[in-house]
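Colleague: Numbering (the numbering used here), first residue to last: 480 to 852.
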């Protein structure tokens, strides 16, 4: 029986149900579980930072709203706006290079009425643009299409790295590369790119800024500067190692509470979590991320069009890049590049970007079900 009132009008549930059906239950559950873990961890990591927990909870609510709004947008609309969003993003990056705002030695922001960081736009705009490009040429994809896609990727990536912002540049480059790879990039070409990249390393080394070269050298041997550039890595590794198998217990982490871990609510939040919850907690968190990525890849595999398959696949693997790079740099196996841990690190911008990614995945899944119905 249709849920209506006695007067024949639709009930409140019947009105709001279509707007709630946009959520993918599995994705929503996994995101909420990670956010729950992050809230528990932020109580400890954020102690000593007045208002940090409240702001983190606000960011979580903001991300959930962004997920809902993005899930309401159909993939057809995403495809129509892919090119304009990409062009606006590139134009803003050029604006940053010409007259951007400098903070902490980096030119990453621009005032357009409000101060924004255009590089964040490209984390979503880049895979959308490249997915649109290959969708439009689905019947005739050849090496020329891959070459042009590489140029479309290289332009914003170069502008972002020049700011300098190696962390965001890495994420944008990875998101674009995933689309190109999933579009059918030959393994021979990929192998050639790896060889060419290795040959280019000496030149790239001299193109890096001094602080970036210092980060790489510190990664190789952090003890060369234990009280300077190596301090972050050394203290985070001590925190991770001291957690052992079960961890020291919630709120009992000494490295975090004695303020030996720098940026313990943002880039190095995983070190606080590892110290207090140990290897067992890490395995639980990593499992949640793997399930989230796996669900996204399943959505990509079942998507109805090339555009949605490429976009969903790239967004899913982007979450892998976030988690892998953050955990790698905190564990001392990758350079420190300022990449947040998805839905764990404090920061409203990252929550908005990640929420958009989850919402788009939900939209793609819902679109598939609508086509089949």
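For every residue, glycine included, the Cβ atom is placed at its ideal position computed from N, Cα and C.
So if DSSP puts residue 594 in a beta bridge, which residue, or which two residues, is it bridged to?
Modeller: Taking the first residue of the chain shown as 1, we reach residue 594 at position 115. BP columns for residue 594 point to 590.
Colleague: Quick one: Cα of residue 584 to Cα of residue 740, how far?
Modeller: As a position in the chain shown, residue 584 is number 105, starting the count at 1. As a position in the chain shown, residue 740 is number 261, starting the count at 1. Rounded to whole angstroms, residue 584 to residue 740 spans 23 angstroms at the Cα level.
Colleague: Where residue 713 and residue 743 are concerned, what is the direct C-alpha to C-alpha distance, given to the nearest angstrom?
Modeller: Locating residue 713 in the chain shown gives position 234, counting from the first residue. Locating residue 743 in the chain shown gives position 264, counting from the first residue. Each residue's Cα considered, the two are about 14 angstroms apart.
Colleague: Return the first residue and the last residue of the alpha helix (DSSP H) that residue 545 is part of.
Modeller: Taking the chain shown and counting its residues from 1, one reaches residue 545 at position 66. Counting along the chain, the alpha helix (DSSP H) containing residue 545 begins and ends at 531 to 551.
Colleague: Contact check, residue 838 vs residue 547 under 8 angstroms by CB: the rounded distance?
Modeller: To locate residue 838, count along the chain shown from 1; it is residue 359. To locate residue 547, count along the chain shown from 1; it is residue 68. At roughly 7 angstroms, the Cβ-Cβ gap stays under 8 angstroms, so residue 838 and residue 547 are in contact.
Colleague: For residue 797, does the count of other Cβ atoms within 10 angstroms reach 16, so buried, or fall short, so exposed?
Modeller: By 1-based counting over the chain shown, the position of residue 797 is 318. Classification for residue 797: buried.
Colleague: On the three-state DSSP scale, how would you describe residue 627?
Modeller: By 1-based counting over the chain shown, the position of residue 627 is 148. Reduced to three states, the DSSP call for residue 627 is helix.
Colleague: Could you compute how far the alpha carbon of residue 787 sits from the alpha carbon of residue 768?
Modeller: What you label residue 787 is simply residue 308 of the chain shown in a count that begins at 1. What you label residue 768 is simply residue 289 of the chain shown in a count that begins at 1. Near 21 angstroms, if we compare the C-alpha coordinates of residue 768 and residue 787.
Colleague: Report the option in 804, 567 and 819 whose CA atom is closest to the CA atom of residue 813.
Modeller: Here residue 813 corresponds to residue number 334 of the chain shown, with the count starting at 1. That would be 804, whose Cα lies nearest to the Cα of residue 813.
Colleague: For residue 580, write down the residues that DSSP places opposite it in a beta bridge.
Modeller: Translated into positions along the chain shown, residue 580 becomes position 101. 588.
Colleague: Would you mind sorting residue 727 into buried or exposed? The rule is 16 or more other CB atoms within 10 Å of its CB.
Modeller: In the chain shown, counting from the first residue as 1, residue 727 sits at position 248. Flag for residue 727 reads buried.
Colleague: For the alpha helix (DSSP H) containing residue 754, name the first residue and the last one.
Modeller: Counting from one through the chain shown, the residue named residue 754 turns up at place 275. 748 to 780 is the span of the alpha helix (DSSP H), which, as asked, contains residue 754.
Colleague: Could you give the DSSP three-state label for residue 565: helix, strand or coil?
Modeller: Start at 1 with the first residue of the chain shown, and residue 565 comes out as number 86. Correct three-state label for residue 565: helix.
Colleague: Considering only their Cβ atoms, is the gap separating residue 772 from residue 840 smaller than 8 angstroms?
Modeller: Along the chain shown, one-based indexing puts residue 840 at 361. Along the chain shown, one-based indexing puts residue 772 at 293. It is not a contact, given that the beta carbons lie outside the stated cut-off.
Colleague: Measure how close the beta-carbons of residue 753 and residue 718 come, nearest whole angstrom, since I'm counting them as under 8 angstroms.
Modeller: Against the chain shown, residue 753 aligns to sequence position 274. Against the chain shown, residue 718 aligns to sequence position 239. With 8 angstroms as the limit, residue 753 and residue 718 qualify as a contact, their Cβ atoms being about 6 angstroms apart.
Colleague: For residue 520, which of helix, strand or coil comes out of DSSP?
Modeller: Your numbering for residue 520 matches position 41 in the chain shown. Residue state, collapsed to three classes: helix.
Colleague: Among residues of its own chain, excluding the 5 on either side of residue 535, which ones have a beta-carbon nearer than 6 angstroms to its beta-carbon?
Modeller: Residue 535 sits at position 56 when you count from the first residue of the chain shown. If we look at residue 535 and ignore the five residues flanking it on each side, its Cβ neighbours are 521 and 825.
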